[in-house]
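So that you can map any letter, position 69 of the sequence shown is 1107 in our numbering, and since no number is skipped, the others follow by simple counting.
Before any comments, here is the structure.
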Amino acid sequence: MFLYLMSLLLCGGFMCLSIWQVINFVDMEADYMNPIELCQSLNAWVVPEVMAHGTLTLLFLLTGEWACFLVNVPLLAWNGYKISQKRHLYDPTVVFRHLSEYKREGFIKVGFFFFSFFFYLYCMISSLIEA
């Protein structure tokens, strides 16, 4: 029960963070923000987001919540791939060239966390009914 409640709170935070990232990319595209400010503000949240998501996924694995663990594996693998390729931080010199890719990734993450939020809510309600 506590794990589901924590996952709902984290997932809501991840969703807000992903929406904020997309808004920042749109602001930069409209020339309301310069690339250096954008990258500084976004890079401050990259590692904490990845670590929190990795910890949540590990907790699902350790507690035997296999469905929740398997839902999180694709994003965890993607984040691991980006870190291994050293592409996890935003670079102000190339952010304009990759802006559409970053926006697409942000929208996908918003959708993923939106789905995850309701999936965790369903799991929490079903565990409450069973108890």
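For glycine and all other residues, C-beta sits at the position ideal for the given N, C-alpha and C.
From a predicted model like this one, the values you see are computed outputs, not experimental measurements.
Asked: Three-state secondary structure (DSSP) of THR1093; Found: helix
Asked: Per-residue DSSP class, three states only, for VAL1132; Found: coil
Asked: The region 1054-1068 touching the region 1147-1163, judged by at least three CB pairs closer than 8 Å; Found: yes
Asked: Expected contact under 8 Å - CB spacing of ASN1081 and LEU1127 to nearest Å; Found: 5 Å
Asked: Proximity winner among TYR1070, LEU1043, LEU1046, CYS1077, relative to THR1131 (alpha-carbon distances); Found: CYS1077
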